[in-house]
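For the numbering used here, add 23 to where a residue sits in the sequence shown, where the first one is 1.
Quick reminder that beta carbons are idealized off the backbone N, C-alpha and C, glycines included.
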Amino acid sequence: MDILNKNELELHFEEIVKKIKGGAVFIHPSDTIYGLGCNALDEKAVTKIRKMKDRPDTPFSIWVPSLDWVSKNCTLNDEAKQALSHLPGAYTIILPLKETKAVAKLVHPKNDSIGIRFPDHWFGKIVEKLGFPIVTTSVNKVGQSFMTSLANLDSDIQVGVDFAIYEGAKEAHPSKIVDTTTGKVKER
């Protein structure tokens with residue numbers, strides 16, 4: 024697994040974009056914790072993350088390239104528009120998808136809604152450049168603690184990762200979930 028910091032990422036920006044488009048599985052920083060990511064349109068890469076996390080059918084969240092992407096691909100009622108006003112930020116907004124081919128079906132295998140992330144973080148420039156969403160899920164197996172530094176990266180997950188973008192230990196917690204399909208807010 025190659026490990027890059029922010030400065031190295033800037034030097035290898037186009038190479039990283041190409042790797043993600045090609046199906047790489049990677050670890051990325053965010054405004055909350057580290058995420059395990061891949062091209063959200065790539066069934067093979069999504070399957071790989073599902074196996075790594077031992078998470079067969081629970082939906083994954085996605086980091087979207089823009090709020091325009093959300094407007095184009097999700098159904099937005101007044102509650103959804105209000106929830107989206109918190110973005111960019113440390114929220115996951117669950118919205119119904121109106122365009123089911125906007126992401127691979129394995130991202131949300133059992134329903135037609137999706138968790139949207141649009142963090143206030145410099146890594147968003149990569150996602151914006153891609154022009155499509157990436158899967159973003161905590162770096163851990165189901166039921167285990169999430170990664171806050173390289174020191175607590177699960178070795179089984181590390182084996183399946185192509186590269187990591189690392190910015191030091193994280194003290195944050197996962198994002199707050201706002202489910203516009205049920206009207207519930209969940210702190211993680």
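Contact under 7 Å by Cβ, residue i with residue j
{"i": "residue 117", "j": "residue 136", "result": "yes"}
{"i": "residue 32", "j": "residue 162", "result": "no"}
{"i": "residue 233", "j": "residue 83", "result": "Beyond the ends of the chain as shown, which are 24 and 211, falls residue 233; an answer cannot be given."}
{"i": "residue 139", "j": "residue 184", "result": "no"}
{"i": "residue 143", "j": "residue 25", "result": "no"}
{"i": "residue 192", "j": "residue 50", "result": "no"}
{"i": "residue 106", "j": "residue 66", "result": "no"}
{"i": "residue 125", "j": "residue 96", "result": "yes"}
{"i": "residue 63", "j": "residue 43", "result": "no"}
{"i": "residue 194", "j": "residue 29", "result": "no"}
{"i": "residue 141", "j": "residue 56", "result": "no"}
{"i": "residue 71", "j": "residue 98", "result": "no"}
Rounded distance between the beta-carbons of residue j and residue i, thought under 8 Å
{"i": "residue 88", "j": "residue 146", "result": "At roughly 12 Å, the Cβ-Cβ gap does not stay under 8 Å, so residue 88 and residue 146 are not in contact."}
{"i": "residue 48", "j": "residue 61", "result": "5 Å"}
{"i": "residue 132", "j": "residue 204", "result": "That pair is no contact at about 16 Å."}
{"i": "residue 80", "j": "residue 164", "result": "That pair is no contact at about 15 Å."}
{"i": "residue 206", "j": "residue 102", "result": "7 Å"}
For residue i, the first and last residue of its enclosing beta strand (DSSP E)
{"i": "residue 201", "result": "199 to 202"}
{"i": "residue 147", "result": "Here residue 147 belongs to no beta strand (DSSP E); instead the alpha helix (DSSP H) covers 147 to 153."}
{"i": "residue 187", "result": "186 to 188"}
{"i": "residue 138", "result": "136 to 140"}
Alpha helix (DSSP H) segment containing residue i, residue limits
{"i": "residue 32", "result": "29 to 34"}
{"i": "residue 73", "result": "66 to 76"}
Three-state secondary structure (DSSP) of residue i
{"i": "residue 163", "result": "coil"}
{"i": "residue 175", "result": "helix"}
{"i": "residue 96", "result": "helix"}
{"i": "residue 54", "result": "coil"}
{"i": "residue 120", "result": "strand"}
{"i": "residue 87", "result": "coil"}
{"i": "residue 107", "result": "helix"}
{"i": "residue 48", "result": "coil"}
{"i": "residue 80", "result": "coil"}
{"i": "residue 101", "result": "helix"}
{"i": "residue 158", "result": "strand"}
Cβ-heavy atom distance, residue i to the ligand ADP, below 6 Å
{"i": "residue 143", "result": "Among the components of this structure there are no ligands whatsoever, and the ligand ADP is therefore not found."}
* To do: Would you be able to state if there are at least three C-beta pairs under 8 Å between the segment 170 to 179 and the segment 99 to 112?
  => no
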